[in-house]
Every structure is written in C-alpha cells, then in structure tokens.
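In this note's numbering, the protein residues as written are 5 to 606. Notes follow once the structure below has been shown.
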Amino acid sequence: MKKSRFFNVLLVFAVALLISSCGGLKKMLKEEGKITYTVDPPVLEMHGDSVKVTITGTIPPKYFHKKVVVEGTPVLVFEGGEKAMKTEIYQGEKVQGNNKVIKYESGGSFNFTDVLPYEEGMRMSKLEVRVKGYKGKDAAKEDKKVVDFTKKEVAKGVISTPTMFVYEGKVISAKDNFVRTTSEAIDASILFEMQKSNIRDKELKKDDIKALQEFIEKAQNGERHVYKGMDVSGQASPDGPVQLNDKLSQDRAKATEGLMEKEMKSQEKKEKDEFAKENKKDKEAIKKFEPKHFDFKTSFKKAAKGQDWEGFKSAIQSSGIQDKDLIVKVLSMYSDPDQRNKEIKNLKEVFKSLKDDVFPELRKSTIKLNVDIEGYTDEELLKLAESNPDTLKIEEIMKAATVTQDVARQNAIYKSAAKKFPEDWRTHNNVGYTAFKLKNYDEAKKSFEDAKAKKAEAMVFNNLAAVAMQEKDLTKAQEYITTAGGSPESNYMQGIIQIKKAKYKEAVSSFGSYNTANVALAKLLSGNPDDAIKTLDIAEDKDEAIAFYLKAVCGARKANTDLIFNNLRSAIGKDAGLSQKAKTDMEFAKWFEDDTFKSIVK
Numbered sequence: 005m006k007k008s009r010f011f012n013v014l015l016v017f018a019v020a021l022l023i024s025s026c027g028g029l030k031k032m033l034k035e036e037g038k039i040t041y042t043v044d045p046p047v048l049e050m051h052g053d054s055v056k057v058t059i060t061g062t063i064p065p066k067y068f069h070k071k072v073v074v075e076g077t078p079v080l081v082f083e084g085g086e087k088a089m090k091t092e093i094y095q096g097e098k099v100q101g102n103n104k105v106i107k108y109e110s111g112g113s114f115n116f117t118d119v120l121p122y123e124e125g126m127r128m129s130k131l132e133v134r135v136k137g138y139k140g141k142d143a144a145k146e147d148k149k150v151v152d153f154t155k156k157e158v159a160k161g162v163i164s165t166p167t168m169f170v171y172e173g174k175v176i177s178a179k180d181n182f183v184r185t186t187s188e189a190i191d192a193s194i195l196f197e198m199q200k201s202n203i204r205d206k207e208l209k210k211d212d213i214k215a216l217q218e219f220i221e222k223a224q225n226g227e228r229h230v231y232k233g234m235d236v237s238g239q240a241s242p243d244g245p246v247q248l249n250d251k252l253s254q255d256r257a258k259a260t261e262g263l264m265e266k267e268m269k270s271q272e273k274k275e276k277d278e279f280a281k282e283n284k285k286d287k288e289a290i291k292k293f294e295p296k297h298f299d300f301k302t303s304f305k306k307a308a309k310g311q312d313w314e315g316f317k318s319a320i321q322s323s324g325i326q327d328k329d330l331i332v333k334v335l336s337m338y339s340d341p342d343q344r345n346k347e348i349k350n351l352k353e354v355f356k357s358l359k360d361d362v363f364p365e366l367r368k369s370t371i372k373l374n375v376d377i378e379g380y381t382d383e384e385l386l387k388l389a390e391s392n393p394d395t396l397k398i399e400e401i402m403k404a405a406t407v408t409q410d411v412a413r414q415n416a417i418y419k420s421a422a423k424k425f426p427e428d429w430r431t432h433n434n435v436g437y438t439a440f441k442l443k444n445y446d447e448a449k450k451s452f453e454d455a456k457a458k459k460a461e462a463m464v465f466n467n468l469a470a471v472a473m474q475e476k477d478l479t480k481a482q483e484y485i486t487t488a489g490g491s492p493e494s495n496y497m498q499g500i501i502q503i504k505k506a507k508y509k510e511a512v513s514s515f516g517s518y519n520t521a522n523v524a525l526a527k528l529l530s531g532n533p534d535d536a537i538k539t540l541d542i543a544e545d546k547d548e549a550i551a552f553y554l555k556a557v558c559g560a561r562k563a564n565t566d567l568i569f570n571n572l573r574s575a576i577g578k579d580a581g582l583s584q585k586a587k588t589d590m591e592f593a594k595w596f597e598d599d600t601f602k603s604i605v606k
C-alpha cells in the first residue's frame, strides 16, 4: 500500500515537472494570435530582379516566456516551390545567448528585412511566417524538443509590373550629303598691250581661254547645266594718268564683252546646227528648237575697275623685287592715284622691273562664268538606284534610298551602295539600320560590325547597343551605350536599363521627349499614374496591347474600374495571352472576384 502511494506521488511529480517545463511554450502557442504582423508594402513588389520583404510586428506584454527561444522564418510559397528567407531568433530574458531579448513584462517588437531573387511563379504566392520554439537551456542540443507554431500567412502575391518594359532598341541612320544643285565657275583673263584695248589673236590661244570655251560648250550641251551669270571686268596698270586708265579699263571690259557674246552665239548656233542634223526629218521640231541661251541683259555684269592698285601690291609681294615690302609701304602713303603714279616712276632702280614684269600682267580683263548643275530629281534617283546603281555617286545613291518609305527597298539600295562604296561606313550602317527595321537582327548586327570596322562612329555603337537590346543582353548594351555617348536614342535605351535596375525617376529623365509604353511604365513606377496615362494617350505605340494593359494598371492604381475594364478588354482583344497574365496580376487582386473582371479575363 505504501509502495503504491509512493509511485502515485512520483507520477504526479513527473507530470507536474513536464507541465512546468513546457507550459511557457504551450501558453505562447495558445496565445500566438496576439502577435501582430505588418508587411510593407501589403502586397510584395519586385524591383530590380528581386523582392524586398519587410515585416514589422509587436509581441504583447506577459507573453514571451523568460526561458524560451523562438525562431521565425518568413517563407514565400508559390506553385512549384518555396523560398525561405533568413531566420530571426529571439530569446527570453533568462536565456543565456546573444539573440534579441524580448522581456516578459513589457513585450517587444521585431523588424525583419530580407531580399529574394524574383521568379515568375512568385506572382501568385503567399508569404508565411513559420515560428518554432524551444527551451533556452536546450538550444545547443540537436535532439531538443521543438514546438511548431501555426504557420501565419501575412501577405499574398507579388506585383511584377516592372517586368513589363519592352526590350526596344533605337537605331540611327547615317545621313547623306546630297546637294541637288551644285555650282561651277571658271575664270580666264586676257592681257592687253600698253594703252590698248584690242584683243590680240594670241590671247585667244591661251590655255585658260581654251578651257573657258570648253566649259561653255559643256554647259551648252549639258541638259542639267543652267547659266547663272557672267562677270567681266577691265583694268589697267597704275603707271599712267587716272583718266586714261579709267578709259582703258572701260574699253577693255567692252571688248571682252563683245568677245564673250560672240562666243555664246557661236555655241548656240553650233547646238542648233547639231539638233537640225540629228532631226533633219522633223522640220517642225527644228523650227521650234531653242538652244540654251545666255541672257546678257539680266545675267551679265560688266565693270571698269580703272587702275588695279590691289593687283599691283599683290604682284609686287609675289615678285622677287628687292625691298618690295618697303616699296608697298611707301606707295601706300599716297591715296591720290596720280601722285602715286609719280612716285612709282621715281623708283628708278626698280621701275624697269615693274615695267617689264609687273605692269604687263595688270593690263587685262577678267572673265568669270557661273553655272548651276541641277542634279537628278528624287524620282530619277530612285529609278537609277534600283535599275542601274553603278551610274550614281555615293551621295546620290544614299539620297535615293530615302525617297521611298518601303524599308525593304531601302535595304536593297543600301546593299548596292555598300557593294559599290565598301569603304564608306555609312553604307554598311544603313544596311544594318534597315535590316533592324525589318527585324533581321543577325544581318543588322553584321552590318553594324562592318561599319565599325570602317569607322568607329558613335552612331554605330548606338546601333550595336540596339541589337544587344533586342537580344536582351543588357550588359553588352550598356557597354555600347557608354561608348556611343548621349544621343536621344542611346539615352532612350539607357532608360530601359534604368527601369531594369529600378531607377525609375532616372529612366524618366533619360527617355527625354520620347512617348512610348516604356516611358509610361517609368512614370507609373515613379508614382505618377496620371502622367503615365497622358503619355500612353499620345505614345507612338499607343495602339499596341502593352499600352492598353499598362493603362489598365494605371486604372488599378487609381481604383478606377472603368479605366481598368475598358483597357483590359482592348489589351486582351489585341493579345489573348494577356488574359492569363491579368488573372494572376496582383495589380488587379481587388477585382479578382468581380464579375466584370472575370468576364473579361475568362
């Protein structure tokens, strides 16, 4: 009897001991609902390829047992897996350890932050806090008794709107330097004997006069040559009376005018005779034919310059006469031509050199004939570029490609240009530019590399960045952008990279004056849905599915159901695949059970 009573007492003692050892954890487990959790933001968001999780909370007074250790681990659970974050450890005030202490009487708080690499499946997920506790004295034991608290769901889903940027390269074409109307001019001079104005036969046999005659014949026969004017001037050497020299310069100009008028009429007659010979059976055409005519009344300028003092100074400076600088300086002291003439004759030691070598070259008339050459019309350029590109010069064929808006035709023309002018980097660049527009990115890349090999232009690096952007190689794109400098196109692509890095305000700045869905996305992510909507209304890709979808997201941020539903309809109508995206897009979580929403995304 005594023995039985002893065992009963022992059993009661053991049970009491067990209850005493675990009673703290059991009470905490029973009252775990008193712990508060706040997640910021309430729906997790991905930015820059990761999801930042911040959980704060409070532990009430008289809750946390003095001899207990608690471990808390947030876990993101999603279809296909789960991702655990770092574990935070808290201990009661009588536990020996280095963890954060929560006092029994006053309670405490906790602040947890961690970052997870983002995965697409995380969009539909739940954030749990998993807690377990054990006695502090058993902390080091591997076989310690652990009490698992109830899993606490503290947030649902991840907003992944920053992933909606478009890999959009911006390429630049090299410009042509085509000038449709070019000007040509030719100069010639006729020398006269002292105090005479008649034109000697030998003057007409000089090379510059022959060149002038050939120039006139070429202009007369050229279909695209247009006479623009002729300047004739007569002048005299400064070694005679002013009145005489003025008269001589007038007469020399007049004689030269007569010569040129005769030459022009001769060329007109020659052209008319040649036409008549070629069309001898068409008398009506011969009768109506009008040769190219130089209008002496409106296009001819004649000037008598008198004594050529400036020419005299220039001739002395280029001569081998001794003390020439001093001579010019002394003569320049006299503004009166007659006095200056007198002083010239007083230069006895050098006057013979002036008389023999300088003055004869100043007794002359000069002729300058100006001609405009009209280039091919746009229509002619395009026709030749596609039918006979070898007849065109580099600037002509580069211009020809810009005449048509058909990118495939442009591409073919630039390929012809690259074949004929392989050393000009612009031809290769523009083959790449048009190939890029045609979405032939491999061809574009090769052509841009060819252009870079010819000349490492900033434009070419920009275009290589655009190809890297289409290949989704943002690291390589960044390298090229850095080399390319700050063109609007490079800055635009920089903005895309900045969205990827969660630098949204910087992206808005980089995008500059562009208006695209990417720009709207950056504004939305910067906290400006109204500005994003304004951009989408005028965006160059405003009719694309992505633009309508982003506008729906703006509507969700503004809690505007009309904006959500109307734009979701349009987006899904253009891209049915967006239906599934919308069903799992936490931007629309508040409307997941809305009948209208469900009818749109069904």
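By construction, the Cβ of each residue, glycine as well, lies at the ideal position given by its N, Cα and C atoms. Remember, it's a predicted structure, so these values are computed and weren't measured experimentally.
* Helix, strand or coil for I176 per DSSP? -> Numbered from its first residue, the sequence shown carries residue 176 at position 172. Three-state DSSP puts I176 in coil, outside helix and strand.
* To do: Report all residues from its chain with a CB closer than 8 Å to the CB of G84; omit the five preceding and five following residues, and keep chain order.
  => For this step, residue 84 is matched to residue 80 along the sequence shown. Closer than 8 Å at the Cβ level, and outside the excluded window around G84, lie G125.
* Asked: Hey, is the segment 145-153 in contact with the segment 113-128, meaning 3+ C-beta pairs nearer than 8 Å?
  -> no
* To do: Can you check DSSP and say which residues form a bridge with T185?
  => Within the sequence shown, the letter at position 181 stands for residue 185. BP columns for T185 point to E378.
* Identify, in the order they occur along the chain, each residue of the same chain with its Cβ nearer than 8 Å to the Cβ of S603, setting aside the five sequence neighbours on each side. => The count along the sequence shown starts at 1 and reaches residue 603 at position 599. Correct list: empty, nothing qualifies.
* Asked: Exposed or buried, what is I542 when buried is set at 16 or more other beta-carbons lying within 10 Å of its beta-carbon?
  -> By 1-based counting over the sequence shown, the position of residue 542 is 538. I542 should be labelled exposed.
* Please state whether DSSP places A416 in a helix, a strand or coil. => Position 412 of the sequence shown, counted from the first residue, corresponds to residue 416. Helix.
* V170 to A521 span [Cα, whole Å] -> Here residue 170 is taken as the residue at index 166 of the sequence shown, counted from 1. Here residue 521 is taken as the residue at index 517 of the sequence shown, counted from 1. Roughly 8 Å separates the two Cα atoms.
* Asked: Taking buried to mean at least 16 other C-beta atoms within 10 Å of its own C-beta, is R184 buried or exposed?
  -> Residue mapping note: residue 184 aligns to position 180 of the sequence shown, counting from 1. Under this definition R184 is an exposed residue.
* Can you grab the Cα-Cα spacing for the pair T408 / F440, in whole Å? => Position 404 of the sequence shown, counting from 1, holds the residue named residue 408. Position 436 of the sequence shown, counting from 1, holds the residue named residue 440. Answer to the nearest angstrom: the Cα atoms are 17 Å apart.
* **Coil, strand or helix - T77 by DSSP** => What you label residue 77 is simply residue 73 of the sequence shown in a count that begins at 1. The answer is strand: DSSP assigns T77 an E or B state.
* Considering only C-alpha positions, which residue in the set P341, M402, Q326, T381 is nearest to K356? -> Numbered from its first residue, the sequence shown carries residue 356 at position 352. Of the candidates P341, M402, Q326, T381, the one whose C-alpha sits nearest the C-alpha of K356 is Q326.
* Asked: Between K90, E591, L358, which lies nearest to K328 when the distance is taken from Cα to Cα?
  -> Within the sequence shown, residue 328 is the residue found at index 324, counting from 1. Ranking the options by Cα distance to K328, first place goes to L358.
* Provide the residue(s) that pair with A307 in DSSP beta bridges, ordered along the chain. => The sequence position of residue 307 within the sequence shown is 303, counting from 1. The partner list for A307 (beta bridge, DSSP) reads S237.
* Return the Cβ separation of Y41 and V162 in integer angstroms, given the expectation that the two are a contact with Cβ distance under 8 Å. => On the sequence shown, residue 41 is found 37 positions in, with the first residue counted as 1. On the sequence shown, residue 162 is found 158 positions in, with the first residue counted as 1. At roughly 17 Å, the Cβ-Cβ gap does not stay under 8 Å, so Y41 and V162 are not in contact.
* Check whether the Cβ of E347 lies closer than 6 Å to any heavy atom of the ligand SAM, and answer yes or no. => For the ligand SAM, the structure offers nothing, since it holds no ligand at all.
* Specify the secondary structure class of H69 as computed by DSSP and reduced to three states. => For the purposes of this step, residue 69 is taken as the residue at position 65 of the sequence shown. Looking at H69 - three-state DSSP - the assignment turns out to be coil, as it is neither helix nor strand.
* Asked: Thinking C-alpha only, which one of K317, G324, Y496 is nearest I348?
  -> For the purposes of this step, residue 348 is taken as residue 344 along the sequence shown, with counting starting at 1. Of the candidates K317, G324, Y496, the one whose C-alpha sits nearest the C-alpha of I348 is K317.
* Taking C-beta to C-beta, are L388 and T395 nearer than 7 Å? -> Walking along the sequence shown from the start, residue 388 turns up at place 384. Walking along the sequence shown from the start, residue 395 turns up at place 391. Closer than 7 Å, so yes.
* Asked: How long is the line joining the alpha carbons of S25 and K38, rounded to whole angstroms?
  -> Here the question's residue 25 lines up with position 21 in the sequence shown. Here the question's residue 38 lines up with position 34 in the sequence shown. In this prediction, S25 scores a pLDDT of 44, lower than 50, which makes its location untrustworthy; the coordinate-derived value is nonetheless stated afterwards. Each residue's Cα considered, the two are about 22 Å apart.
* In whole angstroms, what separates the C-alpha of M168 from that of A526? -> Here residue 168 corresponds to residue number 164 of the sequence shown, with the count starting at 1. Here residue 526 corresponds to residue number 522 of the sequence shown, with the count starting at 1. Spanning the two alpha carbons is a distance of roughly 10 Å.
* Whole-angstrom distance between V605 and K562, CA atom to CA atom -> For the purposes of this step, residue 562 is taken as the residue at position 558 of the sequence shown. For the purposes of this step, residue 605 is taken as the residue at position 601 of the sequence shown. Taking the straight line from one Cα to the other gives about 20 Å.
* Which residues bound the alpha helix (DSSP H) around M473? -> The residue given as residue 473 occupies position 469 in the sequence shown. Looking at the DSSP string, the run of the alpha helix (DSSP H) that includes M473 is 462-474.
* Asked: What is the DSSP secondary structure of C26, counted as helix, strand or coil?
  -> Locating residue 26 in the sequence shown gives position 22, counting from the first residue. Residue confidence is low: C26 scores 48 on pLDDT, short of 50, so the model does not pin down where it sits. No coordinate-derived value is stated.
* Whole-Å CB distance - A524 paired with A536, under 8 Å assumed -> On the sequence shown, position 520 is the one that residue 524 refers to. On the sequence shown, position 532 is the one that residue 536 refers to. Confirmed, about 4 Å.
* Asked: On the three-state DSSP scale, how would you describe G61?
  -> As a first step, residue 61 must be located in the sequence shown, where it is residue number 57. Strand.
* **Q271 to S420 span [Cα, whole Å]** => Here residue 271 refers to the residue found at position 267 of the sequence shown. Here residue 420 refers to the residue found at position 416 of the sequence shown. Their backbone Cα atoms lie some 39 Å apart in a straight line.
* Asked: In three-state terms, what does DSSP make of V557?
  -> In the sequence shown, counting from the first residue as 1, residue 557 sits at position 553. Helix.
* How many angstroms separate the CA atom of G262 from the CA atom of K372? -> As a working mapping, residue 262 is identified with position 258 in the sequence shown. As a working mapping, residue 372 is identified with position 368 in the sequence shown. So the two alpha carbons sit approximately 15 Å from each other.
* **Integer Cβ distance of L554 from L540, believed to fall under 8 Å** => On the sequence shown, residue 554 is found 550 positions in, with the first residue counted as 1. On the sequence shown, residue 540 is found 536 positions in, with the first residue counted as 1. Rounded, the Cβ-Cβ distance is 6 Å, consistent with contact.
* **First and last residue of the uninterrupted alpha helix (DSSP H) at L263** => Your numbering for residue 263 matches position 259 in the sequence shown. Unbroken alpha helix (DSSP H) run through L263: 246-282.
* **Under the three-state DSSP convention, the category A144 falls into** => Within the sequence shown, numbered from 1, the residue matching residue 144 stands at position 140. Note: A144 maps to coil in three-state DSSP.
* Below-7 Å beta-carbon distance, D250 vs any chain D residue -> No chain D appears in this structure, which consists of one protein chain only.
* To do: Kindly indicate which residue of A307, E282, K276 has the alpha-carbon position closest to the one of K295.
  => Start at 1 with the first residue of the sequence shown, and residue 295 comes out as number 291. It is worth fixing the name first, because residue 295 is Pro in this sequence and not Lys. That would be K276, whose Cα lies nearest to the Cα of P295.
* Asked: Quick one: what does DSSP say T408 is sitting in, helix, strand or coil?
  -> Position 404 of the sequence shown holds residue 408. T408: coil per DSSP, three-state reduction.
* Enumerate, from N- to C-terminal direction, the unbroken alpha helix (DSSP H) stretches of 4 or more residues contained entirely within the segment 509-588. => 521-529, 533-542, 549-561, 565-578, 582-587
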